[in-house]
Amino acid sequence: MSRWSHALAAVAATAIGAGMLGGAYLTVEPIVRVEGTAQPGATASSTASPSPTASPSPEVTAIAEGCEWDALPEAARPAMIEDDAEGLPAARAMTEAAWWCVDQGWTVEVRSAGGDTWRPGGTAQALYLVAPDGDLLKLFDLRTDVEVVVLDADVDARLAWTARETGAEDGAATTQVVQVELDTGLVVDDWGGAAIPDAQRTEGTVVDVAPLPQFGGEGTLWAGYSPAGSMRSLFVREPGGAFRALDAQRAIDSLVAQGSVDGDREPGVELWTDRAGTLAMILAQEPVPVEIPEDATVKEIEQATEKASWRSSGGTWVVVDLTTDQWRLAEARLPRGLCHGSTGTSLPGTYASPGPLVVECDVSADERGVFALALDADPVSRDSGP
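In terms of this note's numbering, the sequence shown opens at residue 1 and continues consecutively.
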């Protein structure tokens, strides 16, 4: 499993409205609507008028606007689905009227036939709304050839964000994330607008992004990851399903455009956040240029490239207050080698006084050391080794 897969599994377990790790994936192909279920009109009980002596609080016989699911009697709830795929859990047919009962106490989950462990090929899968009392309302049947993770959901906006991991010929894996309209089944590949950093888009799709478990502001903080699994971008999902970029993203984009790299010497940055989701530090590093004489041999070119491949000539910190969206720049005093982010490293301190941050930095082309990095201070080598 890739480092990204581990990061994805960790965030999926704590994501707002997240479902099980089993299931199938919603793709750009048409989603199959629930078939063979009771029609919405068949869910209501008799409509006979109450007698003049009826109680001032008559029994609810149909779903109405502003309903409370827990207060609905069985006769008023949508009918149970009959003749569903073998092994799928007992569930009700989702109706338009039932949306009046859905609030933030509901979640979006994927269930598989025979349990919640997805198995490739032939196993029935479906997407459900889960009521606070555990009742399942089936939204859609799903394909069975891919695994799904429900990363995030906003049931008020009737939206969810789901992901699947796809392999590549070179062994690398990316995770495509799509936006799903829960009431229509529409799947949107290119969602989020300008809020999604360019590094998290490929061929019209959003890749390698996931919500973080904590955020000090309003909404949900999302992160984008590199193919190696390190965090490299942040953006926010606001209530209602709209996304916005951090104001600091413009400065980050400018630094990358000027040649800043991440720890793998690829265009980009390394990024750390605190546990509460209130503070972020982004490191844009300046690589040492590769100097190759015009008459260099192939061996001399290889030696010059290797000599410069791990080295850094300095960099810039972008310090971000995630609660207020304020940010500032500071010179980064770094070791000789490029430094690497880690999904397991938490940033200490405050916006006014962040750090020190303990990270791994290259000390040669094939070895790393541990250093403490801080604003306005030289790096300090730790004895804990590479």
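Idealized CB from N, CA, C, for every residue including glycine.
Cβ-Cβ separation, residue j to residue i (assumed contact under 8 Å), whole Å
| i | j | result |
| --- | --- | --- |
| A164 | E181 | It should be pointed out that residue 164 corresponds to Arg in this sequence rather than to Ala. About 18 Å; that fails the 8 Å criterion. |
| L334 | G314 | 6 Å |
| A284 | V256 | 7 Å |
| I63 | A98 | 6 Å |
| L137 | L127 | Wrong, their Cβ atoms sit about 10 Å apart, outside the cutoff. |
| W317 | L375 | 6 Å |
| E203 | R232 | Wrong, their Cβ atoms sit about 19 Å apart, outside the cutoff. |
| D152 | T220 | 6 Å |
| P197 | E218 | Their Cβ separation, rounded to whole angstroms, is 21 Å, which puts P197 and E218 out of contact at 8 Å. |
| V400 | V150 | There is no way to answer for residue 400, as the model of the chain reaches only from 1 to 386. |
Identified DSSP bridge partners for residue i
| i | result |
| --- | --- |
| C339 | C361 |
| I292 | Note: I292 sits in no beta bridge, so no partner. |
| W272 | M281 |
| S381 | F371 |
| G115 | S112 |
| A330 | W317 |
| T175 | E165 |
| A126 | R111, D141 |
| A93 | K138 |
| P267 | V261 |
| G349 | P354 |
| S309 | Answer by DSSP bridge pairing: none, since S309 is not bridged. |
| P287 | S312 |
Where residue i falls, given that 16 or more other Cβ within 10 Å makes a residue buried
| i | result |
| --- | --- |
| S226 | buried |
| P50 | With a pLDDT of only 37 at P50, under the threshold of 50, the placement of this residue in the model should not be trusted, and no figure is reported. |
| T324 | exposed |
| G341 | buried |
| D103 | exposed |
| S260 | buried |
| P379 | buried |
| A54 | In this prediction, A54 scores a pLDDT of 38, lower than 50, which makes its location untrustworthy; the coordinate-derived value is nonetheless stated afterwards. Flag for A54 reads exposed. |
| I81 | buried |
| D262 | buried |
| V290 | exposed |
| Q179 | buried |
| A160 | buried |
| D274 | buried |
| G355 | buried |
| L186 | exposed |
| D183 | exposed |
| D83 | exposed |
| R237 | buried |
| A85 | exposed |
| G241 | buried |
| A377 | exposed |
Through-space distance from residue j to residue i, alpha-carbon basis
| i | j | result |
| --- | --- | --- |
| L142 | A124 | 7 Å |
| G134 | R244 | 33 Å |
| E29 | Q176 | Its pLDDT being 36, under 50, E29 is placed unreliably by the model, and the measurement read from it follows with that caveat. One C-alpha to the other measures close to 14 Å. |
| R77 | A90 | 14 Å |
| F235 | P293 | 43 Å |
| D264 | L357 | 19 Å |
| A223 | D154 | 17 Å |
| S353 | Q258 | 27 Å |
| R119 | L88 | 13 Å |
| V298 | W327 | 45 Å |
| E96 | D189 | 25 Å |
| A365 | S230 | 19 Å |
| G337 | E286 | 10 Å |
| V110 | V288 | 48 Å |
| Y351 | A195 | 23 Å |
| E74 | A131 | 14 Å |
| T205 | T174 | 11 Å |
| E360 | F371 | 6 Å |
| S381 | D362 | 12 Å |
| A79 | S346 | 48 Å |
| D156 | D145 | 30 Å |
| I301 | E367 | 21 Å |
| L322 | G277 | 7 Å |
| A113 | D253 | 46 Å |
| E331 | W191 | 35 Å |
| A401 | Q249 | Since the first residue shown for the chain is 1 and the last is 386, residue 401 is missing from the structure and cannot be characterised. |
| G268 | W310 | 15 Å |
| L373 | V319 | 13 Å |
| R393 | A71 | Because the chain spans 1 through 386 in this model, residue 393 falls outside it and cannot be assessed. |
| E306 | S312 | 13 Å |
| G369 | P213 | 29 Å |
| W100 | E65 | 5 Å |
- Every unbroken beta strand (DSSP E) within the stretch 177-247, with a cutoff of 3 residues, ordered by chain: 205-207, 209-211, 220-225, 231-237, 243-245
- Task: Entirely within the stretch 130-171 and at least 3 residues each: give me those beta strand (DSSP E) ranges in chain order.
- Result: 136-142, 149-154, 159-167
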